[in-house]
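K.L.:
This structure is in structure tokens; I'll ask about it shortly.
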Amino acid sequence: MALYRSDAFVLRTYKLGESDQIVVLFTRDFGKLRVVARRNRRGHSRTAGYYQPLTRLHVIVYGRPTRSLYHTHSVDIAQAFRVLHQDFNLLSCGLYMTELIDISTQDRQPAPEFFALFDEALEALARPEQPPGAPMVLRHFEISLLTLSGYALQLSECAHCGGELPPGACGYNARAGGLVCATCAATRHTLKIGRAACGYLRGMMGHIPLPETLPDTAAQQDLERLLHLHLTTCLGRKIKSYPFLYL
Ligand SMILES: [Zn+2]
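When the letters of the sequence shown are read in order and numbered with this note's numbering, they come out as residues 1 to 247.
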């Protein structure tokens with residue numbers, strides 16, 4: 001029997017019998033762990049309500065390394081991120097990032113860089129009045145997640161023919177995995193991307209200095225469309241929480 005002590009976020013919960021639940025935790029030090037916990041708040045289980053997404057917990061769980069289910073020894077709230085639970089828009093953004101982390105990580109495979117990215121993105125989301133604001137927090141999160149997952153966008157040259165990219169308006173081709181030149185854009189299904197969005201994207205990926213001002217609404221929409229297409233193509237699935245971002 002081994003003890004595992006770590007900070008963790010709840011990704012999902014499943015009902016187990018009348019009074020228990022399986023909690024899928026994303027721990028900083030051990031990756032994703034499935035833990036059996038009490039579900040009923042009554043009786044001796046004062047901690048049952050702690051198991052909700054967008055709350056950083058400090059957990060100690062135990063179990064045999066060869067088994068897939070662990071048991072809770074203790075759980076405490078390390079950071080509640082209350083503001084995210086009080087605003088539907090921010091809640092939707094947080095749950096969207098939670099789903100992306102769930103899709104991108106594996107059971108019992110440590111991924112501390114994904115944990116740090118998620119934690120920092122939630123901190124930024126919990127300060128919605130400060131730049132860059134919730135939509136751009138999501139865009140930065142998506143780009144970093146894609147890069148950590150090995151799906152970085154091809155931005156330095158045409159993702160199809162390897163030719164030079166013009167400094168102006170660009171196109172994005174999902175099959176090629178990045179921006180494409182005008183010649184390739186003419187013969188392939190291409191999402192048109194404006195100059196401002198293109199520049200900002202290159203800045204976010206470290207190819208050029210990040211522009212000092214945030215992109216305008218049209219450029220933000222370009223970035224949102226492009227990254228959503230790239231994410232769903234690379235991950236090979238729909239993101240269930242995505243439509244809730246725009247209710
Ligand atoms: Zn090309």
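Don't be surprised by glycine CBs; every beta carbon is placed ideally from N, CA and C.
1) Rounded to the nearest angstrom, what separates residue 79 and residue 4 at their Cα positions?
2) Taking 7 Å as the cut-off, is the beta-carbon of residue 73 closer than that to any non-hydrogen atom of ligand 1?
3) In this structure, does DSSP put residue 34 in helix, strand or coil?
4) For ligand 1, I want to know if residue 163 counts as a neighbour, meaning its beta carbon is within less than 7 Å of at least one of the ligand's heavy atoms.
5) Per DSSP, which one or two residues make a beta bridge with residue 8?
6) May I ask whether a heavy atom of ligand 1 can be found less than 7 Å away from the beta carbon of residue 180?
7) According to DSSP, is residue 74 part of a helix, a strand, or is it coil?
8) How would you write the range of the alpha helix (DSSP H) that residue 172 sits in, first residue to last?
9) By the 10 Å Cβ neighbour count, where 16 or more other Cβ atoms means buried, how is residue 107 classified, buried or exposed?
10) Restricting to runs no shorter than 4 residues, where is the alpha helix (DSSP H) found entirely within the stretch 64 to 140?
11) Residues in the same chain with beta-carbon distance under 6 Å from residue 234, minus the five sequence neighbours each way, listed in chain order, please.
P.N.:
So, from the data block:
1) By 1-based counting over the sequence shown, the position of residue 79 is 79. By 1-based counting over the sequence shown, the position of residue 4 is 4. Roughly 19 Å separates the two Cα atoms.
2) Here residue 73 refers to the residue found at position 73 when the sequence shown is read from its first residue. Because no heavy atom of ligand 1 lies under 7 Å away, the Cβ of residue 73 does not count as near it: no.
3) Numbered from its first residue, the sequence shown carries residue 34 at position 34. Three-state DSSP puts residue 34 in a strand.
4) As a first step, residue 163 must be located in the sequence shown, where it is residue number 163. Yes; taking the cut-off as 7 Å, the Cβ of residue 163 has a heavy atom of ligand 1 nearer than that.
5) As a position in the sequence shown, residue 8 is number 8, starting the count at 1. Residue 8 pairs with 27, 57.
6) Looking up residue 180 in the sequence shown gives position 180. True, at least one ligand heavy atom lies under 7 Å from that Cβ.
7) Looking up residue 74 in the sequence shown gives position 74. Three-state DSSP puts residue 74 in a strand.
8) If you number the sequence shown from 1, residue 172 lands on position 172. Unbroken run through residue 172 is the beta strand (DSSP E), 170 to 173; no alpha helix (DSSP H).
9) In the sequence shown, residue 107 corresponds to position 107, counting from 1. Residue 107 comes out exposed.
10) 82 to 86, 88 to 104, 112 to 125
11) Counted from its first residue, the sequence shown places residue 234 at position 234. Cβ neighbours of residue 234 beyond the five flanking positions: 151.
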